[in-house]
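In what follows, a single structure is set out as structure tokens and then discussed.
Number of protein chains: 4
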Amino acid sequence: MKKSVAILGATGMVGIRYASMLSDHPLFRVVAVTGSESVGKRYGDAIGSRTGLRISPEVVEMVVSPTRPESIDADLVFSPLPTEAAKSLEPKFAKAGFRVVTDASPHRMEPDVPLVIPEVNPEHLGLIKWQRKKRGWKGFMVATPNCTAAGLALLLKPIHDSVGVERAIVTTLQAVSGAGYPGVPSLDVIDNVIPFIKGEEEKVETEPLKMLGDFRGNRIEHAKFQMSAMCHRVPTTDGHMESAYIETRDQVDIPGLVKELTDFRGVPQRLNLPTAPGRPIIVQDAQDRPQVKLDREAGSVPGMSVVVGRVRRGLTSKSVRLTFVSHNLVRGAAGSTILVAELLHHRGFLE
Amino acid sequence: MKKSVAILGATGMVGIRYASMLSDHPLFRVVAVTGSESVGKRYGDAIGSRTGLRISPEVVEMVVSPTRPESIDADLVFSPLPTEAAKSLEPKFAKAGFRVVTDASPHRMEPDVPLVIPEVNPEHLGLIKWQRKKRGWKGFMVATPNCTAAGLALLLKPIHDSVGVERAIVTTLQAVSGAGYPGVPSLDVIDNVIPFIKGEEEKVETEPLKMLGDFRGNRIEHAKFQMSAMCHRVPTTDGHMESAYIETRDQVDIPGLVKELTDFRGVPQRLNLPTAPGRPIIVQDAQDRPQVKLDREAGSVPGMSVVVGRVRRGLTSKSVRLTFVSHNLVRGAAGSTILVAELLHHRGFLE
Amino acid sequence: MKKSVAILGATGMVGIRYASMLSDHPLFRVVAVTGSESVGKRYGDAIGSRTGLRISPEVVEMVVSPTRPESIDADLVFSPLPTEAAKSLEPKFAKAGFRVVTDASPHRMEPDVPLVIPEVNPEHLGLIKWQRKKRGWKGFMVATPNCTAAGLALLLKPIHDSVGVERAIVTTLQAVSGAGYPGVPSLDVIDNVIPFIKGEEEKVETEPLKMLGDFRGNRIEHAKFQMSAMCHRVPTTDGHMESAYIETRDQVDIPGLVKELTDFRGVPQRLNLPTAPGRPIIVQDAQDRPQVKLDREAGSVPGMSVVVGRVRRGLTSKSVRLTFVSHNLVRGAAGSTILVAELLHHRGFLE
Amino acid sequence: MKKSVAILGATGMVGIRYASMLSDHPLFRVVAVTGSESVGKRYGDAIGSRTGLRISPEVVEMVVSPTRPESIDADLVFSPLPTEAAKSLEPKFAKAGFRVVTDASPHRMEPDVPLVIPEVNPEHLGLIKWQRKKRGWKGFMVATPNCTAAGLALLLKPIHDSVGVERAIVTTLQAVSGAGYPGVPSLDVIDNVIPFIKGEEEKVETEPLKMLGDFRGNRIEHAKFQMSAMCHRVPTTDGHMESAYIETRDQVDIPGLVKELTDFRGVPQRLNLPTAPGRPIIVQDAQDRPQVKLDREAGSVPGMSVVVGRVRRGLTSKSVRLTFVSHNLVRGAAGSTILVAELLHHRGFLE
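Protein chains in written order, with my numbering: chain A, 1 to 351; chain B, 1001 to 1351; chain C, 2001 to 2351; chain D, 3001 to 3351.
See the structure below:
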């Protein structure tokens, strides 16, 4: 018996990705899609012809509902709502009894909201109990990270566990789909790089510290290391690349670290959740990999693995440099969030 | 009375840039262009129709000579030869009495070869005397840096002078013209980033240390700070972007440093050399600048100024982060080298 | 004594191009720039940092006025207004006594509005007299064509005059700047072609017939030949390419036709108007030209010449095939319109 | 029992596509891959890391053989050899008893070589008997068309059958992968269009006439209609777009023609061959489709369907205009050729 789910803001770029990934999902059945200007339209007409993704006919034929708790009935709602809408609407849904899993940013850093990557910090879901109690909600709210922070935190996890991250200096080369649709004007990005993405660096410098922090019953003690982010928009469609210079507490043995990355598995892999990739981190040893176009869909669940390469020593023996690619719309958005929902389902949170 | 110059390897991407920048030059007159497979062809036919640059009709009509000392007669030769050819041919030219200014890499790090950016280390030309003596050459060889190292060293100069660079962690986003022509296949770069450029990181990590080093009569004492480079090829045509995290000896006052950068002038500016830009470094304060397409041709001599922006504190008070754009074919190749030749001319080295 | 001009809708993509081309213009002085949401802002702030074009400091410092006749005072207004605004506002300006030269589409095909390319049909300006009489206006309205129709009509002029065009089957490959800013989302155009541009084919199929028509005192008798247009958006920034298969009344002698194209000059060339290119049409004989990037800025006034190549026979002796590039923002917008204003000035219409 | 096949020139762009499409093929088993400079290398090393395609481990581990009949043993050889190599080598293989199915161009227009698209002209395989007799070969040679001609001929087939094509004026917008690897330099194609592809227009203007011609026992009587092709290289990776203006013998009823296109099926569909798409032609009715990125992999066998849209009347009632997208490496190369091999297998030619 599948659980019923709704997609809030389903006509946006990430919303469409949800609709596709939830088509024929073994645990979930989409029962509602919501929008704002498109309310009352057939979903297929609302999203038009701008995607090559496959979406089940059942969803394509749905009529878009308004984004209000009273308009839908579902065991769980996925929220890729725009920031302002998410800020006001998500708490209303949670208060009205919905389990909300959100990819939007406004509530991520609130102390009683778990910010979760299932392979990294599944134990943070323990905050839900406290959140409900404190806010008096029947439902709850769980967040997933920023698209750039998602791949980064996943990659830092085994490094932090083995040699202790003290400082990470990260430079990103981000795809245009990270800005949604219509997003970046083509005139701004053809033959160009823009070294600024509004609000991005702040998120990349804080979210990983929460996710790599320790769960203390009713709060998260953030990790202590330092983060620097310099973010760039480059002319690629999907897939964020990040190059990191990482200083560590302990000496780094490169082959040993490569093995840690390769062998890394998390709770989703042990539970064999439907959207869990076989290997969360894939190490490429060709000297000119990872590449955005060749590696963004790598792995057993396309777009869910982080592909890392050029793993090499930094300027001291307590440092490492590396480059990785992570699919911003899958591991960085819809995929991570669906994986959280699968974990919630397994843990009985959707009963 | 203009000095006569020859362009070796004139049919390559950088060679064509020389031919254009030397058309109607106030101090130099092109008297020969050399090539290998194109020997005997009209220069205009040899370079075909693949450039929009203006080249003087006189040069277009020249017949391509072989790259041999005995085939040409000139006061100075510019060498953008391919690495292997430069390695063997440039010393032959210098031995035969030619003054060689080279943009090629093989001799840059030799102890008696000055590696010069005229705004950064004009005093290193003092090595020429020693070089001639040691090698017994009538001519001499002066080198200019790698296209990525050029803008970087120019930018580091006023920073090093004011607050002392201790470590620079640099990530580059480089244009395809840096690989020459035909260079990067379009299939490799459309909708893609390649995080590897053969030999590039080694050059970026060593050349600035030589250029920012001290001239000690018969040798250069290299600067001592640490350099890390992570190089990426992105889908842009011209203009390298670099983002740097710089640790310093002294506390950094950001407005003060911005003023140092803005006010920086070098010998070429004081001498008012023809190819010297009014301001070697232009500081952009818009939060989304510099951008490759908008800033690569900035300044009074297009392509000769480094445009820097997003100048902000790093993780400690003794650090600064910034992003800059530098035209790889002008400041990073033909422009820098012509500026060196102008300085040599002014100092009487071409008599 | 320069004539005073205002730019309506000056903050759009074409408006900015006007501001740049009118900086330091020998005949015109910009005295006002208008906008809608940006009213009251400094013009430089309103347009932000998204252009590399040079605009005179005097214009940059202007305060944006509302787009109302009572808010400005000028001898002539240039209008690159959006379609809906142009529809209602331009007649108001003309009625209020302004001479309006418009690049917008809504009034182009009205029988008493001259649609003019100065090299093609300067005599159509004769309609102004009739227009003023019929509408009872003190001012008047003159239009310039769609960006794709502009280059096409200019190219067809000497062909029609020499061998008679009977049918033109045109396929276009248009740059994204034709859609304005923000215009085409980058996600829609990276690694893609879109074979549809709303309203474009209708304009390309009708406007040239009006421009190549005959002036009959109080009306234009449209040319009679047939036009087919298939329009495509391709991943280029500036410069529209068009490939045409043209059937003619007379036999086509290709070398003869190439000479007609090369020798073509119009009234602006004879009058030596400031924005008139030396050669309105440049014939490239290299087999792989024209190319968008290499030829869009060709000629003595960058962007004002149409560059044509691959001129060859079609399937019969009464046909010709060719490909050309024309800069959509210059010859296709701001440049053409300024050239019309220069012609109006010469003919005493601005007294 | 699978038939054994070899891939000649397996390290090229199309060769790699064969290796991928033949991995786990139900009828064929790859037993050899050949090359020139890569002879003796492991196939996986020879092709490096530049593709994201999946190739079976068995093939990846093969050692590259020289391209000589005596070096391999197989029931059939696929040849995507470069032109010059194909010219001399393919007849040697056929003479030595191999069944050769070639995607290369040199033998396509020879009178006794069938040039086949299985949905269009399967009966042309009847030439094989005559070819063997005339040339005294034990083996034989069958060709598939140029990548641009393939989609075009497939689309013209149902049109020609229903209303009679009299003239087709075709303009192409071709992807860079059509030029192979390394192929088009990125500097030539970023922000650019090149209106010339060497040899392409001649092929597009002749090959469809042979394929749509009639089999007369020992020769093909070519179709009589006229073809004009104007070919352009645009900045897309895979997928050729073509816009055609078609004049017909009979009046065109657009809805009727759309139905003919939609309902079109060929022998491969009736036989349910493994690589046959369910619908060879897919009609898109959204006004902005087909698009290269969204439609190049459409259909039940990705890349094997031609997607057509914007089907509309031309300038007369006996004409039609349309735009289509066809995957140049699949329907235009490896896919078509494998489909021919499947048909040969079904007809007993591989016994």
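Yeah, the Cβ is synthetic: ideal placement off N, Cα and C, and Gly gets one too. In this text, all values refer to a predicted model and were calculated from it rather than measured experimentally.
Tell me whether residue i sits in a helix, a strand or coil according to DSSP, three-state version.
{"i": "residue 2329/C", "result": "coil"}
{"i": "residue 92/A", "result": "helix"}
{"i": "residue 3131/D", "result": "helix"}
{"i": "residue 1249/B", "result": "coil"}
{"i": "residue 125/A", "result": "helix"}
{"i": "residue 2099/C", "result": "strand"}
{"i": "residue 2008/C", "result": "coil"}
{"i": "residue 3107/D", "result": "coil"}
{"i": "residue 2117/C", "result": "coil"}
{"i": "residue 3144/D", "result": "coil"}
{"i": "residue 1340/B", "result": "helix"}
Would you tell me roughly how many angstroms separate the C-alpha atoms of residue i and residue j, rounded to the nearest one?
{"i": "residue 3289/D", "j": "residue 216/A", "result": "54 Å"}
{"i": "residue 3269/D", "j": "residue 3129/D", "result": "25 Å"}
{"i": "residue 65/A", "j": "residue 72/A", "result": "8 Å"}
{"i": "residue 2173/C", "j": "residue 2234/C", "result": "6 Å"}
{"i": "residue 3250/D", "j": "residue 20/A", "result": "44 Å"}
{"i": "residue 3103/D", "j": "residue 3087/D", "result": "12 Å"}
{"i": "residue 3351/D", "j": "residue 3345/D", "result": "8 Å"}
{"i": "residue 3111/D", "j": "residue 3083/D", "result": "18 Å"}
{"i": "residue 18/A", "j": "residue 3164/D", "result": "47 Å"}
{"i": "residue 3342/D", "j": "residue 3058/D", "result": "21 Å"}
{"i": "residue 3068/D", "j": "residue 3085/D", "result": "11 Å"}
{"i": "residue 162/A", "j": "residue 255/A", "result": "13 Å"}
{"i": "residue 1100/B", "j": "residue 1124/B", "result": "15 Å"}
{"i": "residue 2166/C", "j": "residue 2229/C", "result": "15 Å"}
{"i": "residue 3003/D", "j": "residue 3032/D", "result": "12 Å"}
Shortest alpha-carbon distance to residue i belongs to which of the options?
{"i": "residue 1045/B", "options": "1029/B, 1143/B, 1052/B and 1062/B", "result": "1062/B"}
{"i": "residue 170/A", "options": "204/A, 145/A and 159/A", "result": "204/A"}
{"i": "residue 12/A", "options": "177/A, 31/A, 112/A and 26/A", "result": "177/A"}
{"i": "residue 3274/D", "options": "3231/D, 3340/D and 3014/D", "result": "3340/D"}
{"i": "residue 1156/B", "options": "1308/B, 1006/B and 1047/B", "result": "1308/B"}
{"i": "residue 2146/C", "options": "2051/C, 2197/C, 2256/C and 2043/C", "result": "2197/C"}
{"i": "residue 3006/D", "options": "3024/D, 3029/D and 3092/D", "result": "3029/D"}
{"i": "residue 2246/C", "options": "2101/C, 2349/C, 2055/C and 2317/C", "result": "2317/C"}
{"i": "residue 1277/B", "options": "1034/B, 1335/B and 1101/B", "result": "1335/B"}
{"i": "residue 159/A", "options": "51/A, 122/A, 257/A and 35/A", "result": "257/A"}
{"i": "residue 105/A", "options": "228/A, 291/A and 207/A", "result": "207/A"}
| request: Indicate whether the contact test is met: 3 or more Cβ pairs, each with one atom in the segment 3199–3218 of chain D and one in the segment 3087–3099 of chain D, closer than 8 Å. | output: At 8 Å Cβ cutoff, the stretches do not touch.
Below 8 Å, can you find three or more Cβ-Cβ pairs linking the segment 141–153 of chain A to the segment 291–299 of chain A? no
Exercise. Report yes or no: do three or more beta-carbon pairs, one from the segment 3320–3328 of chain D and one from the segment 3235–3251 of chain D, lie closer than 8 Å?
Key: yes
Using a Cβ distance threshold of 8 Å, determine whether the segment 223–232 of chain A contacts the segment 257–271 of chain A, with at least three qualifying pairs required.
no
Go through the segment 2176–2238 of chain C residue by residue and report every complete run of the beta strand (DSSP E) that reaches 3 residues or more, in order. 2226–2233
Going residue by residue through the segment 2044–2097 of chain C, where are the continuous alpha helix (DSSP H) segments of at least 4 residues, counting only ones entirely within it? 2057–2060 and 2083–2095
Query raised in the report: Does the segment 1118–1136 of chain B come close enough to the segment 1192–1203 of chain B to have 3 or more Cβ pairs within less than 8 Å?
Result: no
Practice item. Return the chain-ordered ranges of every alpha helix (DSSP H) run that is complete within the segment 3258–3323 of chain D and spans a minimum of 4 residues. Key: 3267–3271 and 3292–3295
**Study point:** Chain-ordered residues of the segment 2262–2290 of chain C with a beta carbon less than 7 Å from chain F
**Key:** Going by chain labels, chain F is absent from the structure shown, which instead holds the protein chains A, B, C and D.
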